[in-house]
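Read in order, the letters of the sequence shown correspond to residues 1 to 364 in UniProt numbering. Take a look at the structure set out below.
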Amino acid sequence: MSAALSLTAGRLTICLGPGGVGKTTIGAALALDAALSGRAVDVMTIDPAPRLLDTLNLQGRPATPHDVALTVLKPRVGGRLRALRLDPKRMFDRLIERYAPSTAARDAILGDRIYRGLSTALAGVADYMAAEQLLDLRQEGVSELIVLDTPPAHEAIDFLDAPRRMLELLSSRALTLLGASREMARGPRGIFDFAARAVLTAFDRLAGLHLLADVQAFVQSLEGMYAGFAERAALAQAMIREPTTTLVLVATAEPQRIEQTREFVSALNRLGLRPGALVINRVMPALPDIEEIHRARLPASLKRKLQRNLADFSALKAREAAWLETMRDLSPNRLPTLIAQDLGREPETLKDLVRIARSIRTAG
1 MSAALSLTAG RLTICLGPGG VGKTTIGAAL ALDAALSGRA VDVMTIDPAP
51 RLLDTLNLQG RPATPHDVAL TVLKPRVGGR LRALRLDPKR MFDRLIERYA
101 PSTAARDAIL GDRIYRGLST ALAGVADYMA AEQLLDLRQE GVSELIVLDT
151 PPAHEAIDFL DAPRRMLELL SSRALTLLGA SREMARGPRG IFDFAARAVL
201 TAFDRLAGLH LLADVQAFVQ SLEGMYAGFA ERAALAQAMI REPTTTLVLV
251 ATAEPQRIEQ TREFVSALNR LGLRPGALVI NRVMPALPDI EEIHRARLPA
301 SLKRKLQRNL ADFSALKARE AAWLETMRDL SPNRLPTLIA QDLGREPETL
351 KDLVRIARSI RTAG
């Protein structure tokens with residue numbers, strides 16, 4: 001089994017790490033390589049670069065999986081790749097459509113101004129909807145593997161913890177208080193305990209009782225759906241922690257990434273999670289031996305220039321090797337560390353993604 005395929009041997013592979021290290025590219029490359037090996041694969045991306053959108057034919061596509069044409073790459077029998085770009089608002093709408101007790105209730109919620117604001121702007125909604133989308137793909141049952149790339153590090157932690165936080169919210173005292181009737185909100189304060197008064201006072205300071213009444217009406221409209229939400233959140237939380245889920249930490253061999261990656265590993269440990277591997281992306285390719293320059297039939301002036309260039313690149317390569325060694329020691333138990341070669345440019349075609357996947361190998 002190749003190094004790339006070892007990262008996608010389970011049912012779910014999640015690529016994590018700081019922004020700008022190529023998580024989306026690595027995720028797409030891993031998914032494509034697994035599909036070419038004969039597996040049915042879904043790849044879900046959250047914020048892809050424009051060129052990768054074109055490569056996966058995601059430009060202008062709705063937030064539903066679509067097939068990526070692989071014929072030119074000659075996949076093994078059974079191999080196929082579907083790509084999907086997450087749309088948190090659409091996913092939230094689908095959740096409401098699934099659990100609303102009636103058509104009238106569904107339409108009322110989807111048209112509610114509080115709902116429209118929450119579904120597009122509330123911190124954490126996109127994180128939880130990504131988990132919801134993963135769960136939908138899993139329960140659809142047509143793919144053997146799902147590969148996900150995540151937002152930058154701190155947001156990726158939010159994504160991993162989103163199902164747990166949703167469960168906490170659904171069982172919280174604050175939600176119960178917000179669901180209290182508006183008549184009680186207008187009644188004597190003795191009806192409420194100290195916690196209730198704190199919640200109401202906070203809302204009153206922010207926007208007055210009119211907004212509170214709207215929020216309470218919205219929360220009340222969701223009552224009866226909470227059990228379904230909680231069930232889904234528990235399933236999503238379990239899926240992320242399954243033994244068949246692999247967390248792949250992606251980084252680059254740069255000094256500014258070392259501390260970011262260390263902090264990310266620590267944050268994962270606090271959640272009780274451990275990456276299955278560390279992939280150092282955009283590693284310099286092997287350099288030619290100086291003897292090759294000596295043997296080449298070239299003008300002496302050109303040979304001298306090539307020798308100077310080789311010396312400069314060798315110094316960069318040595319520095320990169322030192323950073324690589326430091327990054328391998330970021331985890332207390334030293335993560336399995338792989339490297340992916342720098343393509344020298346942004347990937348533009350599926351063949352570019354194949355080259356990246358096939359370049360992945362064990363470091364050292």
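For each residue, glycine too, the CB sits at the ideal point set by N, CA and C. Since the model is a prediction, treat every value here as computed from it, not as a measurement.
Nearest neighbour of I46 by Cα position, chosen from D33, P88, V77, turns out to be P88. Rounded to whole angstroms, the gap between the alpha carbons of C15 and R345 is 21 Å.
Within the segment 232-308, the alpha helix (DSSP H) runs of at least 4 residues that lie entirely inside it are, in chain order, 255-270, 290-295. If one requires a minimum length of 4 residues, the alpha helix (DSSP H) runs lying completely within the segment 46-70 are 50-55, in chain order. In this structure F218 is in contact with Y115, their Cβ atoms being roughly 6 Å apart against a cut-off of 8 Å. Contact annotation: L110 and D93 have beta-carbon atoms nearer than 8 Å. The beta carbon of L12 lies closer than 6 Å to those of I146, T245 in the same chain, with the five residues before and after it left out. In the displayed model, A83 falls within a strand according to three-state DSSP. At a Cβ-Cβ threshold of 8 Å, E259 and W323 do not count as neighbours.
Considering only R358, A363, T362, the residue with the shortest C-alpha distance to D33 is R358.
When C-beta atoms of the segment 20-27 are compared with those of the segment 127-135, fewer than three pairs fall below 8 Å, so the two segments do not count as touching.
If you ignore the 5 residues before and after S266, its C-beta comes within less than 8 Å of no other C-beta in its own chain. Residue environment: P50 is assigned as exposed (fewer than 16 neighbouring CB atoms within 10 Å of its CB, all protein chains considered). Within a 10 Å sphere around the beta-carbon of Q59 sit fewer than 16 other beta-carbons, which makes this residue exposed.
Just measuring C-alpha positions, the residue of R274, E140, G79 sitting nearest A35 is G79.
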